[in-house]
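Novice:
Number of protein chains: 2
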Amino acid sequence: MRIGHDVVLNANEQKVNAILMKYKQLEVNRSRVHNGEPFPPSVNFLVGKPLVEKSKVFQIIKSMPKGAALHLHDTSMVDLHWLVKNVTYRENCYMCTNNKYFVYFKFFPGTPPSNPDCPWKSVKEERLKATNKDEFDNLLYLNMTLITPDPAKAYPNIDAVWTRFLQTFDQVGGLINYAPVFVDYFYEALTEFNQDNVQYLEFRGLLPKVYQLDGTTLGKDWVMKTYHDIFVKFVDEHRHEFSGGKVIYSGLRIVPENDVLSQVKESIRFRQLYPDHFAGYDLVGQEDPGKTLLEYLDALLYPSEQVPPIDLPYFFHAGETDWEGTPTDHNLIDAVLLNTSRIGHGYALDKHPQVMKMVKQRNIAVEVNPISNQVLLLVSDLRNHPAADLVAQDFPIVISSDDPGIWGARGLSYDFYMAFMALAGEDADLRLLKKLAINSIELSAMTQVEKSKASNLWRQKWDAFIQKLLHQFNQSGGSVFG
Amino acid sequence: MRIGHDVVLNANEQKVNAILMKYKQLEVNRSRVHNGEPFPPSVNFLVGKPLVEKSKVFQIIKSMPKGAALHLHDTSMVDLHWLVKNVTYRENCYMCTNNKYFVYFKFFPGTPPSNPDCPWKSVKEERLKATNKDEFDNLLYLNMTLITPDPAKAYPNIDAVWTRFLQTFDQVGGLINYAPVFVDYFYEALTEFNQDNVQYLEFRGLLPKVYQLDGTTLGKDWVMKTYHDIFVKFVDEHRHEFSGGKVIYSGLRIVPENDVLSQVKESIRFRQLYPDHFAGYDLVGQEDPGKTLLEYLDALLYPSEQVPPIDLPYFFHAGETDWEGTPTDHNLIDAVLLNTSRIGHGYALDKHPQVMKMVKQRNIAVEVNPISNQVLLLVSDLRNHPAADLVAQDFPIVISSDDPGIWGARGLSYDFYMAFMALAGEDADLRLLKKLAINSIELSAMTQVEKSKASNLWRQKWDAFIQKLLHQFNQSGGSVFG
């Protein structure tokens, strides 16, 4: 009944599967038997990342074409090392450190304005003053991520980790939302996911105000056009590797209903302007303290109440909570009633058997982001992640990485590893991984024609992956990685 | 669809429900809103117990008749304060402290034998030497429990906490297994559960060797007769409060198959000898490193292979694990195939949709012990306990407390509180609690006649509870607890 039960592996795939499963069982048993090593999915990723990187299963997953990453956010897709090593080295980049030792950034054409609570200093000059450039850069990097040696102490509860999480977006906002960086950042995002063997992505975008050196700002239309142009450029340059992607416009679930209505209307306009690269609308932000979908009901019903009704697909974050029977928890029900195309997280889904039935019947994808749920403290040991039940029952789920940059991940492989090792049993094999990749394309917002094209590209890459792994295995005399 | 959906509350029950729900919502929201207090079920019980005791919901649950506790173990049912304050004050009680500062106990008629690694000293004399008697007693108490100020540090993983857990049984074994104490201990267990408004209990018993002051030991027959006699005596003395209980003989899942066969045969004999107080057979111990049910298959099939087949009910611990697809995890499948009457823990059940179907169809009770699963590190935040899904789907579950003494709990109320607050939504109300109590009687090993009698007694107590709570509420001018 598990996801992948209907996948039939050919002879070569079976050989790769045998290799993969040898390593999987080895790694599970290393932790499972008495006094074993910590099981990487049971350790907070903020400290457990090196354990993952030692895994040979992880190495195989990295080289595997994983299809589509469908749940990402605009300003957290890129490995933050890139911001440090590339962006903060650019001309006119300034930093300031507030009284809690958090660093913020901004570009200014000349002498920065006075900022008494957090005085601006040239990054270039600060770096020169530092005794060790690499150490300076590493401190900048750590300062903009959630990484900390003792997560339980630093983030004692969900509100604490969310406060810090949202702050990191502010810290790097001044870098990413600078027009030249904005363009490069998105290109870098596509590059990193492509390098991680992801063929397609959909991300939530706030369509933020982007500033230029002279202080003027560029609006949503410029942002959408930029996304469109870079998608086109990148696909053009990587025709045999990458299929493209789409933007999901996302409001913050704290704004007044009128703003949501404006955003819904803008979404309708963008969908007409960019039918190939604009997918729909969502609301984002910490769900528990945020406004419910119900509070935005009128605005969200606007498209369907037009004559004739306008089709605006929704991709609602819903049920990203440990609480049950609360207003947040009811978002899950309302998302389905509002005809959502997919559900972001849907962490609480298992507690709603009736919604589960509807999700399965209507083939509504559940976007599962294992590491995000762990780092943001919904669950500590990923073997307790409720999506294990969805995997066991062949639900339409896709694995994504939410905000990989913020917790030191990169691309999609870390989350795929967690799904493979912790959301499915020791006996779940290559068929699960293959089906997750196939699902991700099927459950994307692509048209049938786009899906068919993306699927062909993925299949070529898949066959090449199988060939390459077998070749490596034979070359190495029966041990893939020597 | 949730457990209790079919319960219809009468007018008085509705009033009590309104009071209960007022407090529940108050307590949930105290934690749910930003910067709220820690939610007790999300904190390891070893440090979170005082949070529970502050709860008015907990106070109501304590006074509520809860029916049956069906998953307990022979030597961990009693609040360990009783061992300290009663048993260690008895004549001839000796203690020794090993090189890791753990205290063991034993009774000796005169000068104890030499025990170089852990020299015996009179408890009475040691207590006299202590500067503060209460402090001395409290140190003894803490030493025999899992309680520690920093559980994450003291017990970094499941193996570590299980090692310490099993050690506590050894530490107190010398007290409990002394014949006069053994009798009193069991009487005290019944007393505490009765005081906690539990009407009936079934427990797993190892039927251990019990020693007398002269060094001679008493065997399984004496132990079973003792249980029988005390059940009869206690029920006789508490005819309007308590309905009795049954023993489930339990082997350790590390012994050779031949031992299991002997135990199965003894179980058959005990069931004939004590049809009213002997329920069946089980295997206990840490499941992951232990032997699987499959390894004991021949012994376990013995009763059904006789001509004519002998009916020996099984109550297998199964699926008490975070691992999926491993031999332990398969115990769950084998338990059902071996026709188990109930499943102890069944923590992994959600990951097995086919077994779930069978469990529901055959009405196999799942014995859920929330605090045990938290303290023994299967799950940290009880809102992530997989039984939340079983509650949501009206599965035949019963709530029990496993080994309350070891982690400082008492009776059943702490676990009932966790079930009410964390395994069900904020909106789950008195109907859930009432149905859990009804279920516990229905899913016990009682005969229909016994169930009907126990059910009547429970119902009288339930009505009195409703009356009393309303009376208190009215007396207090609209606030139950002043």
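Residue numbers (our numbering), protein chains in the order written: chain A, 97 to 578; chain B, 97 to 578.
Heads up, the beta-carbon is just placed ideally off N, CA and C, and yes, glycines get one too.
From a predicted model like this one, the values you see are computed outputs, not experimental measurements.
1) If you follow the beta strand (DSSP E) that B/SER346 is part of, which residue opens it and which one closes it?
2) Just reading off the beta strand (DSSP E) that A/GLU463 is part of, what are its end residues?
3) Would DSSP call B/THR184 helix, strand or coil?
4) Cα separation between B/GLU401 and B/LEU348?
5) Taking 7 Å as the CB-CB cut-off, is B/MET514 touching chain A?
6) Shorter than 7 Å from the beta carbon of B/SER127 to some beta carbon of chain A?
7) Using the three-state DSSP reduction, which class does A/HIS169 fall into: helix, strand or coil?
8) For B/ALA250 and B/ILE350, I'd like the C-alpha separation in whole angstroms.
9) Count the other CB atoms, across all protein chains shown, that sit within 10 Å of the CB of B/PRO209; report buried if there are 16 or more and exposed otherwise.
10) Please classify A/ALA375 as buried or exposed, where buried requires at least 16 neighbouring CB atoms within 10 angstroms.
11) CB-CB under 7 Å to A/ILE502, same chain, minus the five flanking residues each way: which ones, in chain order?
12) How about B/ASP446: is its C-beta nearer than 7 Å to some C-beta of chain A?
13) Run down chain B in chain order and give the residues with a C-beta less than 8 Å from the C-beta of A/ARG479.
14) Note down, in chain order, each residue of its chain lying with its Cβ closer than 7 Å to the Cβ of B/ASP355, except the 5 sequence neighbours on either side.
15) State yes or no: is the C-beta of B/GLY421 within less than 7 Å of the C-beta of B/LYS145?
16) Is the beta carbon of A/LYS447 closer than 7 Å to that of B/ALA484?
17) Identify which residue in B/LEU390, B/VAL279 and B/ALA275 has its Cα closest to the Cα of B/ASP430.
18) For B/GLY602, which residues does DSSP report across the bridge?
19) Among residues of its own chain, excluding the 5 on either side of A/TRP604, which ones have a beta-carbon nearer than 6 Å to its beta-carbon?
20) Count the other C-beta atoms from every protein chain shown that fall within 10 angstroms of the C-beta of B/GLN308, then say buried if there are 16 or more, exposed otherwise.
21) Give me the Cα-Cα distance between B/ALA164 and A/ALA461, rounded to the nearest whole angstrom.
22) From the DSSP output, which residues share a beta bridge with B/ARG300?
23) DSSP three-state call for A/TYR443: helix, strand or coil?
24) Between the C-alpha atoms of A/ASP175 and A/VAL277, what's the straight-line distance to the nearest angstrom?
25) Only counting the same chain, and skipping five residues up and downstream in sequence, which positions put a Cβ closer than 6 Å to that of A/THR388?
26) Which of the three DSSP states is assigned to B/ILE406 in this structure?
27) Buried or exposed: B/ALA256, going by 16 or more other Cβ atoms within 10 Å of its Cβ?
28) I'd like to know if A/GLU522 contacts chain B, where contact means its C-beta is closer than 7 Å to some C-beta of that chain.
29) Any beta carbon from chain B within less than 7 Å of A/GLN489's own beta carbon?
30) Put B/PHE201 into one of helix, strand or coil per three-state DSSP.
31) Taking the C-alpha atoms as reference points, what is the distance between B/VAL319 and B/HIS373?
32) A/GLY495 bridges to which residues according to DSSP?
33) Output the boundary residues of the alpha helix (DSSP H) element that contains A/MET117.
34) For A/ILE326 and A/PHE282, what's the separation of their Cα atoms in angstroms?
35) Which value, in whole angstroms, describes the spacing of the CA atoms of B/ALA541 and A/PRO449?
36) Quick one: list the residues of chain B neighbouring A/GLN450, beta-carbon separation under 7 Å, in chain order.
Specialist: In short, the structure shows the following:
1) As a first step, residue 346 of chain B must be located in the second sequence, where it is residue number 250. Run containing B/SER346: 340-348, per the beta strand (DSSP E) assignment.
2) Here residue 463 of chain A refers to the residue found at position 367 of the first sequence. Looking at the DSSP string, the run of the beta strand (DSSP E) that includes A/GLU463 is 461-464.
3) As a working note, residue 184 of chain B is residue 88 in the second sequence. B/THR184 falls in the helix class under three-state DSSP.
4) Position 305 of the second sequence holds residue 401 of chain B. Position 252 of the second sequence holds residue 348 of chain B. In a straight line, the C-alpha of B/GLU401 is about 23 Å away from that of B/LEU348.
5) For the purposes of this step, residue 514 of chain B is taken as the residue at position 418 of the second sequence. So, not an interface residue.
6) Along the second sequence, read from residue 1 onward, the residue named residue 127 of chain B stands at position 31. No, no contact with chain A.
7) Translated into the one-based positions of the first sequence, residue 169 of chain A becomes position 73. Three-state DSSP puts A/HIS169 in a strand.
8) One-based indexing of the second sequence puts residue 250 of chain B at position 154. One-based indexing of the second sequence puts residue 350 of chain B at position 254. In a straight line, the C-alpha of B/ALA250 is about 26 Å away from that of B/ILE350.
9) Position 113 of the second sequence, counting from 1, holds the residue named residue 209 of chain B. With fewer than 16 other Cβ atoms within 10 Å, it is exposed.
10) Sequence index remark: in the first sequence, residue 375 of chain A carries index 279 (1-based). The residue in question, A/ALA375, is buried, as its Cβ has 16 or more Cβ neighbours within 10 Å.
11) Residue 502 of chain A sits at position 406 when you count from the first residue of the first sequence. Cβ within range, chain order: SER172, THR241, LEU242, PHE261 and THR264.
12) As a position in the second sequence, residue 446 of chain B is number 350, starting the count at 1. B/ASP446 counts as touching chain A.
13) Start at 1 with the first residue of the first sequence, and residue 479 of chain A comes out as number 383. Going along chain B in sequence order, the residues near A/ARG479 (Cβ under 8 Å) are ASP418, TRP419 and GLU420.
14) Looking up residue 355 of chain B in the second sequence gives position 259. The answer, listed in chain order, is GLY347.
15) For the purposes of this step, residue 421 of chain B is identified with residue 325 of the second sequence, where counting begins at 1. For the purposes of this step, residue 145 of chain B is identified with residue 49 of the second sequence, where counting begins at 1. Not closer than 7 Å, so no.
16) Indexing the second sequence from 1 puts residue 484 of chain B at position 388. Indexing the first sequence from 1 puts residue 447 of chain A at position 351. Yes; because the gap between Cβ atoms is below 7 Å, this pair is in contact.
17) Working through the second sequence from its first residue, we reach residue 430 of chain B at position 334. Measuring from the Cα of B/ASP430, the nearest candidate turns out to be B/LEU390.
18) Because chain B in this structure spans residues 97 to 578, residue 602 of chain B falls outside the shown range and cannot be described.
19) Beyond the ends of chain A as shown, which are 97 and 578, falls residue 604 of chain A; an answer cannot be given.
20) Here residue 308 of chain B corresponds to residue number 212 of the second sequence, with the count starting at 1. Classification of B/GLN308: exposed, given that the 10 Å Cβ count is below 16.
21) Counted from its first residue, the second sequence places residue 164 of chain B at position 68. Counted from its first residue, the first sequence places residue 461 of chain A at position 365. So the two alpha carbons sit approximately 42 Å from each other.
22) Stepping through the second sequence from its first residue, residue 300 of chain B is reached at position 204. DSSP lists B/HIS169 and B/ILE344 as partners of B/ARG300.
23) In the first sequence, the residue the question calls residue 443 of chain A occupies position 347. Looking at A/TYR443 - three-state DSSP - the assignment turns out to be coil, as it is neither helix nor strand.
24) On the first sequence, position 79 is the one that residue 175 of chain A refers to. On the first sequence, position 181 is the one that residue 277 of chain A refers to. Answer to the nearest angstrom: the Cα atoms are 14 Å apart.
25) Residue mapping note: residue 388 of chain A aligns to position 292 of the first sequence, counting from 1. Here the set comprises PRO423 and ASN427.
26) In the second sequence, counting from the first residue as 1, residue 406 of chain B sits at position 310. It is coil, neither helix nor strand.
27) Along the second sequence, read from residue 1 onward, the residue named residue 256 of chain B stands at position 160. By the neighbour-count rule (16 or more Cβ atoms within 10 Å), B/ALA256 is not buried but exposed.
28) Your numbering for residue 522 of chain A matches position 426 in the first sequence. It does: the Cβ of A/GLU522 has a partner Cβ on chain B nearer than 7 Å.
29) Your numbering for residue 489 of chain A matches position 393 in the first sequence. Output row for A/GLN489: interface = yes.
30) On the second sequence, position 105 is the one that residue 201 of chain B refers to. B/PHE201 falls in the strand class under three-state DSSP.
31) Sequence index remark: in the second sequence, residue 319 of chain B carries index 223 (1-based). Sequence index remark: in the second sequence, residue 373 of chain B carries index 277 (1-based). Answer to the nearest angstrom: the Cα atoms are 12 Å apart.
32) In the first sequence, residue 495 of chain A corresponds to position 399, counting from 1. Contrary to the premise, residue 495 of chain A reads as Ile rather than Gly in this sequence. BP columns for A/ILE495 point to A/VAL464.
33) Numbered from 1 along the first sequence, position 21 holds the residue referred to as residue 117 of chain A. That run of the alpha helix (DSSP H) goes 107-128.
34) On the first sequence, position 230 is the one that residue 326 of chain A refers to. On the first sequence, position 186 is the one that residue 282 of chain A refers to. Taking the straight line from one Cα to the other gives about 8 Å.
35) Stepping through the second sequence from its first residue, residue 541 of chain B is reached at position 445. Stepping through the first sequence from its first residue, residue 449 of chain A is reached at position 353. Near 30 Å, if we compare the C-alpha coordinates of A/PRO449 and B/ALA541.
36) Along the first sequence, one-based indexing puts residue 450 of chain A at 354. Near A/GLN450 (Cβ distances below 7 Å), the residues of chain B are MET97.
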